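Letter by letter, the sequence shown follows residues 68 to 508 in this note's numbering.
Where is the CB? At the ideal position from N, CA and C, for every residue including glycine.
Only a predicted model underlies this, so the values are computations on that prediction, with no experimental measurement involved.
Take a look at the structure below.
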Amino acid sequence: MARPDIRMHRPMNTQRIPRLVPFLSVLATVFGGCAAVPAPPAVQTPAPVEIRTADPLPSAPPPQGTVPTAPADGRFVPGFPPRVQEQDARRFVYALLPPGVTRERDVWAADIVAAFMALRLAPSAENFCASIAVIEQESSFQADPVVPGLSRIVWGEIETRRKRYLIPKVALDAALSQPSRDGKTYRQRINALKTERQMSILYGDIIDEVPGGKLLLSGYNPVRTGGPMQVSVAFAETHAREKPYAGATNGKVREAVFSRRGGVYFGIAHLLDYPAPYRSPLYRFADFNAGHYASRNAAFQLALGKLAGQTLVPDGDLLRYDDGRPSEVASSTQRAALKTSRRLRLNEVEIEAALRQEKEESFGRTKLYQRVFALADEAAGRPVPREAMPQIRLKSPKITSKITTGWFAERVDMRYRACMNRAAAVPDLQLPLEANGSRRL
């Protein structure tokens, strides 16, 4: 899916260099806090939203019927069966989309199915509805979702940082009044900002136009999430290193994230392309927001806290992190594990080695995990939960109300159940049935 850069490049006006050099340092400082999430990846400018035409599909039926029972173990097992034809899967997804999705409904269905085929995910109603629910929650099926009040947020961050770094207001105003590549001043473009993609393009223009900008600012882009599932660019780049994404032009994963197809692909990968045997998809939705295995880890924190006789906040992070790397400062969870090391029959090295696997499936197979739950089950006289809702308050300049991971997961779960309600009225893909009549994943 080649996506040529549609922006026109023209020679740099060297007479503007003296005026723009101070602008570099100002803007580098100013834009740092405008985006909301994980550590920044390498700088790459985004591509335009991809528009494709798919084969015509039938109209979606109205919601009706009852919600089918989800698999008891909550597994979303990989494996796109060769007997399932792409066109049949697209018709199925087309019917599952919310009735309000009327614009390019066939393209959304095609992109979702393309992601499932590329990732080899089981084409079940449960999996499709999980993906549809997250897209609906994150963007209401907008390929480049609008961030309400984005320009106001940016200006607020600019003023905060201007005061923090004692930048004269007159100097900042002069820098922002410089014309940019498209003829508009940076001030005008900030005032017109509506999406994170636009903001990423603006940042790319700063790198292209300001001498030394690419050298000085490479690796620091304030736009860290994008696309219809608001997936982290850092996650997408990590995933693409393990499973190369064919749709990334010249290997530029950042550009792919901002396209509809790429954003859907990486969003579905983040949601489903890892093993997590939760009893309910609710916890997978929580993981989408809080990070892989956050729900499993939150349950571990609750169990460990009872053994250690102290309260641990079940936030799903077992270690402290500095710039994405484990900190040398021990976390409260780590200290609690060390406190109970004698009962666990584990030494400090073994505990630390286990905790470093907290973002992987393998943590569930460590002696630390298994012995904590064995003791917790014994103390409770019954098996204690292996998943719990991470207690995380979401903070971002874009968030103006009290929102938590639990709130997010419950909203997605509500949309998931509505989708499964629609699925009850749609002929399935002729997948084999289990003894209880549910579709085999």
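Residue i versus residue j: straight-line alpha-carbon distance, rounded
i    : j    : result
P125 : V168 : Here the model assigns P125 a pLDDT of 37, short of 50, so the residue's position is not dependable and the matter cannot be decided.
A370 : R387 : 19 angstroms
R256 : L239 : 15 angstroms
Y232 : S244 : 20 angstroms
A490 : L422 : 40 angstroms
V479 : Q204 : 6 angstroms
V290 : G448 : 49 angstroms
T120 : A181 : In this prediction, T120 scores a pLDDT of 30, lower than 50, which makes its location untrustworthy; no coordinate-derived value is stated.
E171 : E224 : 36 angstroms
V144 : E226 : Low confidence applies to V144: its pLDDT is 46, below 50, so where it sits in the model is not reliable enough to give any reading.
S429 : Q437 : 11 angstroms
S408 : V380 : 20 angstroms
S299 : T292 : 4 angstroms
A365 : A307 : 28 angstroms
T400 : A420 : 14 angstroms
A323 : A197 : 22 angstroms
F355 : H337 : 7 angstroms
S207 : P166 : 12 angstroms
L405 : D211 : 47 angstroms
T433 : R392 : 21 angstroms
L411 : I418 : 9 angstroms
Y161 : R229 : 49 angstroms
E153 : A446 : 51 angstroms
S247 : M266 : 14 angstroms
M481 : G473 : 12 angstroms
R327 : Y312 : 14 angstroms
D390 : V151 : 43 angstroms
I268 : Q209 : 18 angstroms
P235 : G250 : 25 angstroms
P450 : D382 : 21 angstroms
A441 : V174 : 49 angstroms
L461 : I470 : 6 angstroms
G372 : A343 : 23 angstroms
Y341 : Q424 : 14 angstroms
I335 : E395 : 34 angstroms
Proximity below 8 angstroms, CB of residue i to CB of residue j
i    : j    : result
K426 : Y350 : no
V320 : E304 : yes
G330 : G294 : yes
R157 : A176 : yes
T262 : V214 : yes
C486 : L188 : no
I202 : M296 : yes
A397 : Q377 : no
I459 : A357 : yes
A315 : A476 : no
M456 : S347 : no
T325 : R254 : According to the sequence displayed, residue 325 carries Phe and not Thr. It is not a contact, given that the beta carbons lie outside the stated cut-off.
A241 : Y483 : no
S218 : A259 : yes
A443 : L374 : yes
F195 : V493 : no
F333 : V439 : no
E454 : Y345 : yes
Segment limits, alpha helix (DSSP H) that includes residue i
i    : result
K319 : Note, K319: premise wrong, no alpha helix (DSSP H); not H, not E.
P452 : Looking at the DSSP string, P452 is not in any alpha helix (DSSP H), and its letter there is neither H nor E.
L239 : 236-243
A189 : Segment: none, A189 is in no alpha helix (DSSP H) and carries neither H nor E.
H337 : 327-339
E153 : 153-163
S362 : 361-375
F355 : 348-357
Check: residue i C-beta below 7 angstroms from any heavy atom of the ligand GDP
i    : result
Q265 : Among the components modelled here there is no ligand, and therefore nothing to report on the ligand GDP.
In DSSP terms, what residue i is bridged to
i    : result
G293 : V298
L461 : I470
P246 : T252
V214 : In DSSP, V214 forms no bridge with anything.
T262 : V213
Proximity test, Cβ basis, 8 angstroms: residue i and chain C
i    : result
D178 : As a matter of chain content, chain C is missing from the structure shown, which is built from one protein chain.
Practice task
Starting from the N-terminal side, write out each stretch of the alpha helix (DSSP H) that is 4 residues or longer and does not extend beyond the segment 386-458.
Solution key: Secondary structure remark: continuous alpha helix (DSSP H) runs of at least 4 residues inside the segment 386-458, in chain order: 399-406, 408-411, 415-422, 434-447.
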